[in-house]
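Each remark here refers to the structure printed beneath this line.
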Amino acid sequence: MQADLFYKALHKHIADKQLQPLRYRIEQLYELFQKVYAEAASKEQLYFSSLFTRIAFVGHKFELNNLTLYNAHHFRTARKKITPNTTEPELQALWNDGVWAIAESVSDIYKTPISDELKQVLPKKNARKPTKTITKKRIKSMRVVALADDADKQQITARKVDAPDEELVIQYGISDKNELFDGTIQSIRKVFGFPVLINLLDISIDEKGIYSPVGIVVEPDFLVDVTAVAEVFQQQAIYPILNIVRRTTANRNSLKVVEGNVVNFFLDEIIANPNITFDEIKRHIFKISPLDLLQLDDSQAKTFLAGCKGHFARLKNVILNEFAQQGIERQYCYLEPSFYSEKYGLQGRLDILHHPPHTRKNAAIVELKSGKVFNPNRYQINQNHYIQTLLYDLLIEAAFGDEIDPANYILYSQEKERNLRFAPVTKIQQYEAIEARNQLVAIERSIANIRATELDKQHFFDIINTKRYPKISGFHRSDLQTFEKNFAAATLILRKYFTAFAGFVAREHLLAKIGIEDSDQLNGNASLWRNTLKEKEDAYAILFRLKIIDNQSNKQDAIIIFERTTFTNPLANFRQSDVVVLYPYDENNPTPLQHQLFKCTIVAIDTRRITVRLRAKQTNQTLFVQHEFWNIEPDFVDSSFNDMYRNLFLLLSANELIQQRLLTQVSPTQVESNIIETDVTNYMTEKQRIIFNKMMAAEDYFLLWGPPGTGKTSVMLRAAVAHWLYATNDNILLLAYTNRAVDEICEAIESLGGDIRQQYFRIGSRFATDERFRDQLFDQKIAAVHTRKALSEIIQQHRIVVATVASINGKKELLHLKKFHRIIIDEASQILEPMLVGLLAQFQHFILIGDHRQLPAVVAQPVAASEVKDEHLSPLGLTNMRNSLFERMYKQAVKKNWHWAYDHLSEQGRMHEAIMRFPAGEFYDDALTILPDASPYAVAQSEALPEHENELHCKRLLYIPTQVDFHSPTGKTNSFEAAVIAQIVQQIFQKFETDNVPITKSTIGIITPYRAQIAQIKNTLTQQGIDTDLLTVDTVERYQGGARDIIILSVCVNNPTQFSSLITASDDGKDRKLNVALTRARQQVIMVGNEQLLSQNITYRKFIATCEKLSLTPLLP
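Here my numbering is used: the first residue of the sequence shown is 180, the next is one more, and so on.
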């Protein structure tokens, strides 16, 4: 019985006589506490974005006693408030509370008395009882978790988030108050289910204590973009369906988008310099979106330029004259400020926020529109534009409260008169917009609810058709017809494929936004406002209290340089090219959402300074003057998910034969290999040469499996490029998943020499590109180009384009301007199917290179949620959607014996033979060898290390046992391992110095599973005076694709439950993480960890058995 198991686990914890610190014991207790509630809700197949919602749901389902719930929530919240200053008596009291919270929860859930054995060891119970919250008759807003619905009474039962022991009743369906949200209630019943988080707005409470809100926001942590909500308002109707149709179908009328971007650029430049002329600014127009403008003919280009001139003149007149009439001053205008609101479930980036300091007066929101007014409302504003201003008004109210009361305007730069139009706030239409926002979230959730085990049911995409929405007109109807036509024409198998993967993408999107409750406290993008500062610090997810030392935010590049302060965690986990949000540190108002957020990119970071580039330059410097300190946190970008939806639709609309090939329903064309003799093949082994000839002969596609160090990029990709470049006229597209891999591709093809730099350019950001290759960036190559003819010549002259998959998705116009005959995708085993299928559907020939025994793409949803069980999809080899397209196609090709379309590189030149032996047998079925004897590197791969008195320097594989760190507050650090590693590194440094061998960044790599342990190791190394700039300490995920001479593994297992995060198993049960970790090493592997715990896992036990055991324990402090 489950209750007995929990009672025994709790008894074992209490009776454990080891002298473990209370902080550690509280964390152990908290894990058990989480498991109690996770098990109670396990049969529901629900996502819980927080432990609060899980407890509330279980409390309602099992009718838990209010005091039990109160004590459970007390333990949950009190644990989060532990600080380094928390005293031992306080910790002891909290541990007591946790023990009782678990015991009473188990008793209440399973209706089973606490066992006699457990009663004998239970500590004294702390006296505590809930205090009743005094409610007001009217409340502006309140967050609750809705638990159940009484449709007859039109009432929802809920609990307050800030007083979870109190149950309340919410009245809906009130004709003169909240019936506008009847659709939301229906969605809660049919789509979201219970429990679900909701925000209540403008609430009145009657004499019976029943809550009657005017507005309801469902799943408020799922922030919806203001423009997405506004766009569903078309003429006199609201069509939420348009949002998903627009996201799946191809982009339309890109010239209108370019026009909008140009006009926004004009706005920013005139605000910064009102004296600028059109002749001065027009030379910049071409650089804003050159590829789109290149698609115009001469007549269209002249018309476009003339239109831009008109926009410029009207904008300048408004800024110089009409702004002043409305009290809007340039110097107090913030450009493109971003705001998030968890109150309304909205996010948005305004064009202009006018916010004079120290006054409520003359604040204004100005939204720029480059299009014409069509079928306007009574304010002579397009309805969707009007709704946009109403939602921006809510964002400002949520951020600043009563501090400012902005006037809202739409600036129509196309109109000949009345360019600046006032948009008064109407509360009822704001609520209509919130209801539309709820419907968009309901659509997202309904797609996320699709499971690939239930594809025979009718799903959301089956009802997208023109008959259902006869009044949708214009280009929206065209989009709807495009989707309907392609979905209806698709085979049953393809429709199921599309539907299943759309559900998969929607779940990933959902979890990226709001997270999922588990022991790692993953809150997705919502962690910005949901996680406490301590939680962010513990996760190394905040750069806290940075100080500005150089502010160039008003210059063209909009750069700000910060220095770290004593408050900044030196080990916060941020990297160059990370997309982040910047906001002022305010001791009196620390909540990020109460401030304007500056979206930016980290362009440089070191131990002293952080440099960011803002998305828009800022003429208004008020905030930067007012605030001395600033915080930086990770940001979230929706575009990758939109790209996946579009990729799925591109497959849906592709040529039928290409569809069948990608789904592996038909075989690729069978051809015989040709023998290619060129300079590049002279450097290959015989096996590589055979595979290369086979790969070059492939007519449709080729799948190349390349384990680490087998030359898949440096040899095979390089040779393929050389052959096509010098023996054909083919244009070549080279892609990879990460920028680091793209750097390696650049390095490989540049080794061809000659005029190769005149043959290729790279798409991407200079901040994410290795300095060696920045001159090859497309933007750099066209920096001096000012005509469409010259641009066209550059594009056509360069036969090779290199990019990440994400970068090419951002430059889709290039695929229309240049025909690519060949495409190679490296790191293909790290790329999810929806990221690739639509892209590959546009090419007649492709090569995928990867290794599906290494780490796959990171997927947030549980394995069971992405599982596929369908009679039509299973024959495609589709077992789990978290696997890559490469893996599925490779396994299908092997299964169907399409031997001409795939092969396996087996000779590796990275690892010494002694290191290779274990991964070869454990992960590669012994199909991995060192280079053949004829290779000049073969001798080095088999020679022994020189004898040395210190075993550390003469053994290839070493295991150093350490003890469990019971002082670790989370179990995710181990000071003993860190101390051993510091000794190892110190001794290696000394040996290299003695031998007069330089230490470089490729000498030593340290791999550990947790960011907290990364911090622990770096801190210990620094204390020992070791220069950490010469080392890379990181997770295995960040190491994939890299290599070091010596790899040190800090396994950091303090209890058996950590194996679930330590191991990433393939479909056949092989540990992909350990495979990656071991195969990073060229000369030596040293593993550090607790032998008793590691030996509980068969793979680790086998690996330890192959190692020489070395004890450094006596050297520990």
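For every residue, glycine included, the Cβ atom is placed at its ideal position computed from N, Cα and C.
Note that the structure is predicted; figures quoted are calculated from it, not measured.
T1182 by DSSP, collapsed to three states: which one? Position 1003 of the sequence shown, counted from the first residue, corresponds to residue 1182. In the structure shown, T1182 sits in coil (DSSP, three-state: anything other than H, G, I, E or B).
When the distance is taken between beta carbons, is N908 closer than 8 Å to M875? Taking the first residue of the sequence shown as position 1, residue 875 is located at position 696. Taking the first residue of the sequence shown as position 1, residue 908 is located at position 729. Not closer than 8 Å, so no.
Excluding five sequence neighbours on each side, which residues of the same chain lie with their C-beta closer than 6 Å to the C-beta of S1240? Counting from one through the sequence shown, the residue named residue 1240 turns up at place 1061. Once the five neighbours on either side are set aside, S1240 has no close Cβ partner at all.
Can you tell me where the beta strand (DSSP E) holding Q1262 begins and where it ends? For the purposes of this step, residue 1262 is identified with residue 1083 of the sequence shown, where counting begins at 1. First-last of the beta strand (DSSP E) with Q1262: 1260–1268.
Quick one: residues in its chain with C-beta nearer than 7 Å to the C-beta of A188, no 5 flanking neighbours on either side, listed in chain order? For the purposes of this step, residue 188 is taken as the residue at position 9 of the sequence shown. Contacts found: L211.
So what's N834 in DSSP terms, helix, strand or just coil? If you number the sequence shown from 1, residue 834 lands on position 655. Note: N834 maps to coil in three-state DSSP.
Does the contact criterion of 3 or more C-beta pairs under 8 Å hold for the segment 1015–1030 versus the segment 647–667? no
I need the boundaries of the beta strand (DSSP E) containing K548, first residue and last residue. Translated into the one-based positions of the sequence shown, residue 548 becomes position 369. Counting along the chain, the beta strand (DSSP E) containing K548 begins and ends at 543–548.
Boundaries (first-last residue) of the alpha helix (DSSP H) holding C487: Counting from 1 along the sequence shown, the entry for residue 487 is found at position 308. Start and end: 477–496.
Report the rounded CA-to-CA distance for F373 versus N617, giving the unit in angstroms. By 1-based counting over the sequence shown, the position of residue 373 is 194. By 1-based counting over the sequence shown, the position of residue 617 is 438. Cα to Cα, the separation comes out at about 16 Å.
Is DSSP giving L347 helix, strand or coil here? Here residue 347 refers to the residue found at position 168 when the sequence shown is read from its first residue. L347 falls in the strand class under three-state DSSP.
Can you tell me whether DSSP reads I1004 as helix, strand or coil? For the purposes of this step, residue 1004 is identified with residue 825 of the sequence shown, where counting begins at 1. Strand at I1004.
Can you confirm whether the segment 598–618 touches the segment 338–352 when touching is taken to mean that 3 or more C-beta pairs between the two stretches lie within less than 8 Å? no
So D729 and I740 are supposed to be a Cβ contact under 8 Å. How far apart are they, rounded? Stepping through the sequence shown from its first residue, residue 729 is reached at position 550. Stepping through the sequence shown from its first residue, residue 740 is reached at position 561. Contact flag correct, Cβ pair sits at about 4 Å.
For K726, which residues does DSSP report across the bridge? Within the sequence shown, residue 726 is the residue found at index 547, counting from 1. Note: K726 sits in a beta bridge opposite E742, F808.
Residues that F401 bridges to, as DSSP identifies them: On the sequence shown, position 222 is the one that residue 401 refers to. DSSP output for F401 lists no bridge partner at all.
Euclidean distance between Cα positions of K998 and L896: Translated into the one-based positions of the sequence shown, residue 998 becomes position 819. Translated into the one-based positions of the sequence shown, residue 896 becomes position 717. C-alpha separation (whole angstroms): 20 Å.
Please tell me whether G1150 and N1234 are closer than 8 Å, where the distance is taken between their beta carbons. What you label residue 1150 is simply residue 971 of the sequence shown in a count that begins at 1. What you label residue 1234 is simply residue 1055 of the sequence shown in a count that begins at 1. Contact: yes.
Quick check on the burial criterion: 16 or more other C-beta atoms within 10 angstroms. Buried or exposed for L499? In the sequence shown, counting from the first residue as 1, residue 499 sits at position 320. Exposed.
Beta carbon of I1185 nearer than 8 Å to that of I1167: As a working mapping, residue 1185 is identified with position 1006 in the sequence shown. As a working mapping, residue 1167 is identified with position 988 in the sequence shown. No.
Rounded to whole angstroms, what is the Cα-Cα separation between S221 and S433? The sequence position of residue 221 within the sequence shown is 42, counting from 1. The sequence position of residue 433 within the sequence shown is 254, counting from 1. Roughly 47 Å separates the two Cα atoms.
Check whether the segment 774–787 and the segment 517–526 touch, using three or more Cβ-Cβ pairs below 8 Å as the test. yes
Measuring CA to CA, which of A982, K866, V684, G885 is closest to D922? Working through the sequence shown from its first residue, we reach residue 922 at position 743. Comparing Cα positions, the closest option is A982.
Under 8 Å, do L421 and E438 count as touching if we go by C-beta distance? Looking up residue 421 in the sequence shown gives position 242. Looking up residue 438 in the sequence shown gives position 259. The answer is no: Cβ separation not under 8 Å.
Looking at F946: is its Cβ nearer than 8 Å to the Cβ of V980? In the sequence shown, counting from the first residue as 1, residue 946 sits at position 767. In the sequence shown, counting from the first residue as 1, residue 980 sits at position 801. No. Outside cutoff.
Starting from M321, follow the beta strand (DSSP E) in both directions and report where the run begins and ends. To locate residue 321, count along the sequence shown from 1; it is residue 142. Counting along the chain, the beta strand (DSSP E) containing M321 begins and ends at 317–329.
Which ranges would you report for the beta strand (DSSP E) in the segment 508–582 if only whole runs of at least 3 residues count? 512–514, 517–520, 525–528, 531–533, 543–548
Going along the chain, which residues of its own chain have a beta-carbon closer than 7 Å to the beta-carbon of P419, five neighbours each way excluded? To locate residue 419, count along the sequence shown from 1; it is residue 240. The residues are V411, A615, Q618, L619, I622.
In chain order, which continuous runs of the alpha helix (DSSP H) of length 4 or greater are located wholly inside the segment 263–294? 267–289
Other residues of its chain near F241: CB distance less than 6 Å, five sequence neighbours each side excluded: The sequence position of residue 241 within the sequence shown is 62, counting from 1. Closer than 6 Å at the Cβ level, and outside the excluded window around F241, lie I288.
Should R825 and T427 be called a contact, given that it needs their Cβ atoms to be closer than 8 Å? Along the sequence shown, read from residue 1 onward, the residue named residue 825 stands at position 646. Along the sequence shown, read from residue 1 onward, the residue named residue 427 stands at position 248. Yes.
Tell me whether K636 is buried or exposed, calling it buried when 16 or more other Cβ atoms sit within 10 Å of its Cβ. Residue numbering aside, residue 636 sits at position 457 when the sequence shown is read from its first letter. That one is exposed.
So what does DSSP say about T1375, is it helix, strand or coil? In the structure as shown, the chain begins at 180 and stops at 1296. Residue 1375 is therefore absent and cannot be evaluated.
Taking the beta carbon of M180 as the centre, do at least 16 other beta carbons fall within 10 Å, making it buried, or is it exposed? As a first step, residue 180 must be located in the sequence shown, where it is residue number 1. Per the 10 Å Cβ criterion, exposed.
I need the DSSP call for T336, collapsed to helix, strand or coil. As a working mapping, residue 336 is identified with position 157 in the sequence shown. Looking at T336 - three-state DSSP - the assignment turns out to be strand.
Which whole-angstrom value is the C-beta distance of R368 and D328, which I expect to be below 8 Å? As a first step, residue 368 is located in the sequence shown; it is residue number 189 there, counting from the start. As a first step, residue 328 is located in the sequence shown; it is residue number 149 there, counting from the start. Their Cβ separation, rounded to whole angstroms, is 6 Å, which keeps R368 and D328 in contact under 8 Å.
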